[in-house]
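Enquirer: Start counting the sequence shown at 1063; every next residue gets the next number (this note's numbering).
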Amino acid sequence: MKIHEYQAKELFARYGVPIPRGRVAFSVDEAVEVARELGRYPVVVKAQIHAGGRGKGGGVKLANSEEEVLKVAQEILGMTLVTHQTGPEGKVVRKVLVEEGLPIENELYFGMLPDRSTGTVAVMASSAGGMDIEEVAAKEPEKIVKVNVDPLLGMQPFHARQLAYGLSLSPELTRQFVPLALNLYRLFIDYDCSLVEINPLIVTSDHKLIALDAKINFDDNGLFRHKDILAYRDPDEEDPLELEAAKYNLNYIKMNGNIGNMVNGAGLAMATMDLIKLAGAEPANFLDVGGGASAEMVENGFKIILSDPNVKGVFVNIFGGILRCDVLARGIVEAAKKVEVKVPIVIRMEGTNVEQGREILNQSGLNLIVATDLKDAAQKVATIAKN
Ligand code: GDP
Ligand code: MN
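1. I need the DSSP call for Met1317, collapsed to helix, strand or coil.
2. Just checking my contact of Val1360 with Leu1390 at CB under 8 Å: how many whole Å lie between their CB atoms?
3. Spell out the partners DSSP gives Ser1188 in its beta bridges.
4. According to DSSP, simplified to helix, strand and coil, what is Phe1220?
5. Which whole-angstrom value describes the C-beta separation of Pro1406 and Asn1379, a residue pair presumed to lie in contact below a C-beta threshold of 8 Å?
6. Ala1447: which of Arg1386, Gly1342, Gly1352 and Phe1348 sits nearest, CA to CA?
7. Leaving out five residues on either side along the sequence, give the residues of the same chain with a beta carbon under 7 Å from the beta carbon of Pro1165.
8. Using three-state DSSP, classify Asn1261 as helix, strand or coil.
9. What are the uninterrupted segments assigned as beta strand (DSSP E) that are 3 or more residues long and contained completely in the segment 1289–1351, given in chain order?
10. For ligand 2, is there any heavy atom lying closer than 7 Å to the beta carbon of Gly1114?
11. Taking only three categories from DSSP, how would you classify Met1359?
12. Rounding to the nearest angstrom, what Cα-Cα distance links Asp1212 and Gly1181 in this structure?
13. So within the segment 1118–1169, which uninterrupted beta strand (DSSP E) runs reach at least 3 residues, ignoring any that extend past its ends?
14. Residues in its own chain within less than 8 Å of Pro1297 by CB, not counting five upstream and five downstream?
15. Starting from Ala1087 and walking both ways along the beta strand (DSSP E), at which residues does that stretch end?
16. Look at the alpha carbon of Phe1364 and the alpha carbon of Val1158, and state the distance between them as a whole number of angstroms.
17. Drop a sphere of 10 angstroms on the beta-carbon of Glu1067, count the other beta-carbons inside from all chains shown, and report buried for 16 or more, exposed for fewer.
18. Can you find the residues in the same chain that come closer than 7 Å, C-beta to C-beta, to Ile1272, ignoring five residues on each side of it along the sequence?
19. Looking at C-beta atoms only, is the number of pairs between the segment 1143–1151 and the segment 1111–1120 that lie closer than 8 Å three or more?
20. Going by the DSSP bridge assignment, what does Phe1377 pair with across the sheet?
21. Measuring straight from C-alpha to C-alpha, what distance separates Asn1168 and Arg1156?
22. Under a three-way DSSP split, which group does Pro1176 fall into?
23. Buried or exposed, going by whether 16 or more other CB atoms sit within 10 Å of the CB of Asp1425?
24. For ligand 2, is there a heavy atom less than 7 Å away from the beta-carbon of Asn1261?
25. Looking at ligand 1, does it come within less than 7 Å of Pro1176, judged from the CB to the closest heavy atom?
26. Please report the distance separating the alpha-carbon of Pro1371 from that of Val1395.
27. My guess is that Asn1415 and Asp1388 are in contact by the Cβ rule of under 8 Å, so how many angstroms apart are they, rounded?
28. Measure the C-alpha to C-alpha separation of Phe1172 and Glu1259 and round it to an integer number of angstroms.
29. According to DSSP, Gly1413 sits in a beta bridge with which residue or residues?
30. Quick one: is Glu1396 near chain B, going by C-beta distance under 8 Å?
31. Note the first and the last residue of the continuous beta strand (DSSP E) segment covering Ala1109.
In structure tokens:
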């Protein structure tokens, strides 16, 4: 789960990580009100969306007077902000963070994330802050310093000092950096984060380290023990179909292609997506209805796939183990009767009661393309994709 910058900064503040003064505003009037509270110019008005690259996209602006705050808040609130992370359709801005503008002397990068290959937390810092860190890693990897922290031992002051030396920080800045790094690590662990990132972490002209930006992602599997974080959820930022699927306990992720697919079991779902690509098409989603899916789950999954306007064809690929093929077939027929199906549907199923299942599909009177096996299914999907 992702949260907004202003929410991440609330957590930073609770963990003693220095942030600029300011608060979130939901209207132009409120933005002006926050600027008055700050009592000093410049102020920065920052679009709050779940995507980075806002600065380049025109979503972060400085204002030097109340009139300018009014003007930039009007520009940013309600705009469709397009960044390299939003995709071409962009995101509508519904709130802004209004903060004191700080004099920047230097921009650093600081971040941490799980390193699965070593089972550690990779803590990284770079003197090339404010830039896309992936780009720095590709072009100037020597500018990134990294320590791997064993989660059983936790981050120690020497880890933080090692990073500070790597950044060539002065003793004065090192004294600020060490507690900042340790506090951020505590936050990372306490909240089961999958990413905590400050880009840029700035050095102000009066030599203070301050988190100018804040990004936190949480491991969804840990959210059950962080009810306070669930309150940060912003449905406006989430895909409406994914929200709908979550209601029914379906593992659904929307993707960019046009062949919808419904599969039981994550492994089979991955293999099916490969198959779709092999057939020259692109999957419109990942959907695992689960091994023990009921007819109702199949029906709900089917409805969600069909409500995606990009879907030009559907591939149902089910192995009937716990979920018997006849139950599956009935679920599909029921769903197809309830929603208007305008796209071709290829079905491949195998397993328990497969004959009965095929019989139900064949006699349903629906326009279903029943494949005999996986290879046959792939060819049929390829045909759909070409039309
Ligand atoms: P992102 O583009 O979505 O990562 O948004 P950031 O929060 O990183 O802001 C983008 C850029 O805006 C920063 O790298 C800074 O250069 C600039 N910026 C943000 N806040 C301030 C500020 O208080 N003072 C100054 N001078 N620049 C700022
Ligand atoms: Mn940033």
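We treat Cβ as the ideally placed atom computed from N, Cα and C, and that holds for glycine. Note that the coordinates shown come from a computational prediction; the quantities given were computed from them, not determined experimentally.
Expert: Taking the geometry as given:
1. Three-state result, Met1317: coil.
2. Rounded to whole angstroms, the Cβ separation of Val1360 and Leu1390 is 6 Å, and the two are in contact under 8 Å.
3. Beta-bridge pairing by DSSP links Ser1188 to Tyr1171 and Ile1206.
4. If DSSP states are grouped into helix, strand and coil, Phe1220 belongs with the helices.
5. Distance from Pro1406 to Asn1379 at the Cβ level is roughly 15 Å; contact not present, criterion being Cβ atoms closer than 8 Å.
6. In this structure, Gly1342 is the residue among Arg1386, Gly1342, Gly1352 and Phe1348 with its C-alpha nearest to the C-alpha of Ala1447.
7. Excluding sequence neighbours, Pro1165 sits near Thr1266 and Ser1267.
8. In the structure shown, Asn1261 sits in a strand (DSSP, three-state: E or B).
9. Listed in chain order, the beta strand (DSSP E) runs fully inside the segment 1289–1351 are 1313–1316, 1321–1325 and 1347–1350, counting runs of at least 3 residues.
10. Yes; taking the cut-off as 7 Å, the Cβ of Gly1114 has a heavy atom of ligand 2 nearer than that.
11. Of the three classes helix, strand and coil, the one that applies to Met1359 here is helix, per DSSP.
12. The alpha-carbon atoms of Asp1212 and Gly1181 are separated by roughly 7 Å.
13. Annotation: the segment 1118–1169 contains the following complete segments of the beta strand (DSSP E) (minimum length 3 residues), in chain order: 1122–1125 and 1158–1162.
14. Taking Pro1297 as the centre and dropping the five residues before and after it, the same chain places the C-beta of Leu1305 closer than 8 Å to its C-beta, in chain order.
15. Ala1087 -> beta strand (DSSP E) spans Gly1084 to Ala1087.
16. If you take the alpha carbons of Phe1364 and Val1158, they lie about 37 Å apart.
17. The residue is buried, with at least 16 neighbouring Cβ atoms inside 10 Å.
18. Once the five neighbours on either side are set aside, the close Cβ partners of Ile1272 are Pro1080, Ile1081, Pro1082, Leu1164, Ile1264 and Thr1266.
19. In the pairwise beta carbon analysis, the segment 1143–1151 is classified as touching the segment 1111–1120: at least three pairs are separated by under 8 Å.
20. Checking the DSSP bridge columns, you'll see Phe1377 partnered with Asn1323 and Val1408.
21. Each residue's Cα considered, the two are about 30 Å apart.
22. Correct three-state label for Pro1176: strand.
23. What sits at residue 1425 in the sequence shown is Gln, not Asp. So Gln1425 ends up on the exposed side.
24. Yes, the beta carbon of Asn1261 sits closer than 7 Å to at least one heavy atom of ligand 2.
25. Pro1176 Cβ: outside cutoff for every heavy atom of ligand 1.
26. Those two C-alpha atoms are separated by around 21 Å.
27. By a beta-carbon distance limit of 8 Å, Asn1415 contacts Asp1388. Their separation comes to about 4 Å.
28. Between Phe1172 and Glu1259, the C-alpha separation is close to 6 Å.
29. DSSP output for Gly1413 lists Gly1382 as bridge partner(s).
30. Included in the structure is just one protein chain, with no chain B present.
31. First-last of the beta strand (DSSP E) with Ala1109: Val1105 to Ala1109.
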